[in-house]
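Enquirer: For the protein sequence lines, the chains are A and B, in the order given. Be aware that the first sequence starts at 14, since it is given in the numbering used here, and climbs by one per residue. Be aware that the second sequence starts at 143, since it is given in the numbering used here, and climbs by one per residue. Take a look at the following structure, please.
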Amino acid sequence: DVKVTQSSRYLVKRTGEKVFLECVQDMDHENMFWYRQDPGLGLRLIYFSYDVKMKEKGDIPEGYSVSREKKERFSLILESASTNQTSMYLCASSTDRHFMTSRSSYEQYFGPGTRLTVT
Amino acid sequence: AQSVTQLGSHVSVSEGALVLLRCNYSSSVPPYLFWYVQYPNQGLQLLLKYTSAATLVKGINGFEAEFKKSETSFHLTKPSAHMSDAAEYFCAVSVGNLIFGKGTKLSVKP
């Protein structure tokens with residue numbers, strides 16, 4: 014059974030703290046993604062990675078960075094958390110070596126999400 | 143630019159009634175389209191996908207969707223709603239990455 018796990022289901026942090034969200038997949042997938050989900054806005058892509066140490070900005074990268082040192086692990090970093098980063102964060106992975114150059118028919122597999130509250 | 147529009151942020155049906163969740167897409171190339179479901183406090187899981195084979199696509203849990211190029215639509219249906227179908231449903235188009243609609247929350251009344 015395929016699996017994407019996220020380090021925390023719920024997280025509460027203070028404004029200005031550095032926050033790490035961890036994601037691990039056991040499917041040997043090339044691609045990994047970080048989304049944030051807000052009511053009425055759907056899922057918005059923050060960053061993605063198509064290989065170890067490779068990363069690309071998504072639609073809303075401001076205030077975030079990522080790290081992918083190993084194929085199975087993709088970390089999202091909030092350098093200085095702010096209240097407007099309170100959200101649900103979803104990690105996903107997929108296997109498709111060509112997805113950056115053409116549309117992909119491969120599904121993305123999602124983790125359970127981390128609900129982050131910044132106070 | 144590719145985009146997805148889901149009509150209706152909330153849909154409520156009675157148990158046993160038809161479920162119809164609407165999705166319209168905009169794409170400059172033949173699209174690949176997906177429906178995902180999110181149950182409360184869970185991540186998303188794939189219901190079904192269209193990748194230019196059959197226009198009527200069957201998915202899990204009795205759901206299906208029909209690709210209609212002339213209407214640029216990919217509506218999701220289920221003949222008879224069950225209480226366990228209460229969830230949020232997302233339509234998405236693939237441009238390499240996935241572009242998601244804003245979601246439709248389905249409520250099922252007993």
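Ideal Cβ placement from N, Cα and C applies to all residues, glycine included.
Tell whether a beta-carbon distance below 7 angstroms holds between Val-17(A) and Ser-107(A).
Expert: Not a contact, by the Cβ cut-off of 7 angstroms.
Enquirer: Any chance you could list the beta strand (DSSP E) runs of at least 3 consecutive residues sitting entirely within the stretch 179 to 230 of chain B, in chain order?
Expert: Runs found: 186 to 192, 198 to 200, 206 to 210, 215 to 220.
Enquirer: Just the Cα atoms here: how many angstroms apart are Met-45(A) and Lys-210(B)?
Expert: Each residue's Cα considered, the two are about 31 angstroms apart.
Enquirer: Have a look at the DSSP bridge pairing and note the partners of Met-67(A).
Expert: Met-67(A) pairs with Asp-64(A).
Enquirer: Give me the subset of the stretch 119 to 131 of chain A whose CB atoms are less than 7 angstroms from a CB atom of chain B, sorted by chain position.
Expert: Residues passing the 7 angstroms Cβ filter: Glu-120, Gln-121, Phe-123, Gly-124, Pro-125, Gly-126.
Enquirer: For the stretch 69 to 110 of chain A, list the beta strand (DSSP E) runs that are entirely contained and at least 3 residues long, ordered along the chain.
Expert: Listed in chain order, the complete beta strand (DSSP E) runs (minimum 3 residues) inside the stretch 69 to 110 of chain A are 78 to 83, 86 to 91, 100 to 107.
Enquirer: Pull the bridge partners of Glu-35(A) from the DSSP assignment, please.
Expert: Glu-35(A) is bridged to Ser-88(A).
Enquirer: Along the beta strand (DSSP E) that carries Thr-28(A), what are the first and last residues, could you check?
Expert: Counting along the chain, Thr-28(A) falls outside any beta strand (DSSP E), and DSSP gives it neither H nor E.
Enquirer: Three or more C-beta pairs closer than 8 angstroms, one from the stretch 96 to 105 of chain A and one from the stretch 118 to 126 of chain A: is that the case here?
Expert: Cβ pair count under 8 angstroms is three or more, so yes.
Enquirer: For Ile-202(B), count the other beta carbons within 10 Å of its own beta carbon; 16 or more makes it buried, fewer makes it exposed. Which is it?
Expert: Burial call: exposed.
Enquirer: Provide the residue(s) that pair with Val-171(B) in DSSP beta bridges, ordered along the chain.
Expert: None, per the DSSP bridge assignment.
Enquirer: Nearest to Gly-76(A) by alpha carbon, out of Arg-22(A), Asp-51(A), Asn-97(A)?
Expert: Of the candidates Arg-22(A), Asp-51(A), Asn-97(A), the one whose C-alpha sits nearest the C-alpha of Gly-76(A) is Asn-97(A).
Enquirer: Between which two residues does the beta strand (DSSP E) holding Leu-149(B) run?
Expert: From DSSP, the beta strand (DSSP E) with Leu-149(B) extends over 145 to 149.
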